[in-house]
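In our numbering, the protein residues as written are 114 to 214. Have a look at the structure below before the remarks.
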């Protein structure tokens, strides 16, 4: 003999089960939103800038030595390495300097 649960009870059990399954991912959308923003910024910046260009952002001047997924790496005239989040380059004024300047 087959036993069945009334529809409202079954629906409630399935909703509860779904919430429990999603609990570990409760904060994932916020984390994925940041990552998605960084990835999008990286894609855009690769088409706007290239390694070897000298840029200034927020008072930091340097040559682009690497363009990573979430950050752009500059080498300053003093030889320091500075990692700038790609989202920062999108939200700031970026000056591209002439090669001889």
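Think of the CB as a built atom: it goes at the ideal place given N, C-alpha and C, for glycine as much as any other residue.
Range covered by the beta strand (DSSP E) that runs through residue i
i: residue 179; result: 173-180
i: residue 212; result: Run containing residue 212: none; DSSP gives neither H nor E here.
DSSP state of residue i mapped onto helix, strand, coil
i: residue 188; result: strand
i: residue 205; result: coil
i: residue 163; result: coil
Expected contact under 8 Å - CB spacing of residue i and residue j to nearest Å
i: residue 173; j: residue 164; result: In fact, because the Cβ distance is near 17 Å, the residues do not count as touching under 8 Å.
i: residue 175; j: residue 187; result: 3 Å
Proximal residues to residue i (C-beta, below 6 Å), its chain only, five neighbours per side dropped
i: residue 167; result: 176 and 210
i: residue 207; result: 168 and 170
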